[in-house]
Ligand SMILES: [Zn+2]
């Protein structure tokens, strides 16, 4: 149920203007909700098309993919965005190694963490394949490498 933001009148479905006060309602019906973790619009379409494979490789090949991207696509803001995210994931993976020092609890936590990070990599890989640039789930909130 939608209401006019101007006068509060209850709106019929699909209305483009309010039947009561005539206010335009079109901005309300934009199909894409604003997503603060989505940075796709910051990058040029040409950049995304040309460097998508490097960005995807950064996730799938881990540090090897990062090095390839740094060598081949350093000028691409799109590829470097994904390189930074892949590096964050790699750092988390290495930090999990430290968990192994803690007997039993750490031995359980580290593999669980690696599985989660692997899923994060896959999610980002497929988002990148669609030409998107989104913050990584979980690790995206980590402040370093911004
Ligand atoms: Zn109205």
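In our numbering, the protein residues as written are -2 to 143.
Ideal Cβ placement from N, Cα and C applies to all residues, glycine included.
Have a look at residue i and residue j and give me their C-alpha separation to the nearest angstrom.
{"i": "residue 68", "j": "residue 39", "result": "22 angstroms"}
{"i": "residue 11", "j": "residue 4", "result": "17 angstroms"}
{"i": "residue 132", "j": "residue 102", "result": "29 angstroms"}
{"i": "residue 105", "j": "residue 8", "result": "54 angstroms"}
{"i": "residue 20", "j": "residue -1", "result": "14 angstroms"}
Taking a contact to mean a Cβ-Cβ separation below 8 angstroms, would you say residue i touches residue j in this structure?
{"i": "residue 109", "j": "residue 134", "result": "no"}
{"i": "residue 79", "j": "residue 42", "result": "no"}
{"i": "residue 73", "j": "residue 44", "result": "yes"}
Under 7 angstroms: does the beta carbon of residue i sit that close to some heavy atom of ligand 1?
{"i": "residue 12", "result": "no"}
{"i": "residue 6", "result": "yes"}
{"i": "residue -1", "result": "no"}
{"i": "residue 48", "result": "no"}
Considering Cα atoms alone, identify which of the options is closest to residue i.
{"i": "residue 96", "options": "84, 83, 111", "result": "111"}
{"i": "residue 129", "options": "35, 1, 14, 54", "result": "35"}
Exercise for the section: Could you pull out every unbroken beta strand (DSSP E) segment of at least 3 residues lying fully inside the segment 65 to 99, listed in chain order? Expected result: Within the segment 65 to 99, no complete beta strand (DSSP E) run reaches 3 residues.
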